[in-house]
Amino acid sequence: MVIRNHPRGRLVFDRDAIVHAALRAYIESMVAGLPSGLRYEVCDQTYWKGDVQRGPHL
9 MVIRNHPRGR
19 LVFDRDAIVH
29 AALRAYIESM
39 VAGLPSGLRY
49 EVCDQTYWKG
59 DVQRGPHL
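Residue numbering for the sequence shown is 9 to 66, as defined by the numbering used here.
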């Protein structure tokens with residue numbers, strides 16, 4: 009934990025969490041480019057295809 013004093017308050021950084029998130033993002037970006045896939049179907053498309061009452065049209 010790194011604590012910095014700032015005129016508007018204390019800032020606390022967890023270096024382990026920051027490094028872990030950066031490493032995970034790097035590995036996910038490498039794996040996403042593989043031809044085998046490993047795609048996340050839930051978040052693959054960022055737009056809604058469907059009706060609110062009836063659900064998604066896949």
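Every residue gets a Cβ at the ideal spot worked out from N, C-alpha and C, and that includes glycine.
Can you tell me which residues form a DSSP beta bridge with residue i?
i   : result
L19 : R12
Does residue i get closer than 8 Å to chain C when you measure Cβ to Cβ?
i   : result
A40 : The chain inventory of the structure shown lacks chain C, comprising one protein chain alone.
For residue i, verify whether its CB is less than 7 Å away from any heavy atom of the ligand GDP.
i   : result
M38 : Absence of the ligand GDP is noted for the structure shown, with no ligands found whatsoever.
CB residue i to CB residue j, shorter than 8 Å?
i   : j   : result
I11 : V20 : yes
M38 : D22 : no
Just the C-alpha distance for residue i and residue j, rounded to the nearest angstrom, thanks.
i   : j   : result
G17 : D24 : 22 Å
A30 : G41 : 17 Å
E36 : N13 : 34 Å
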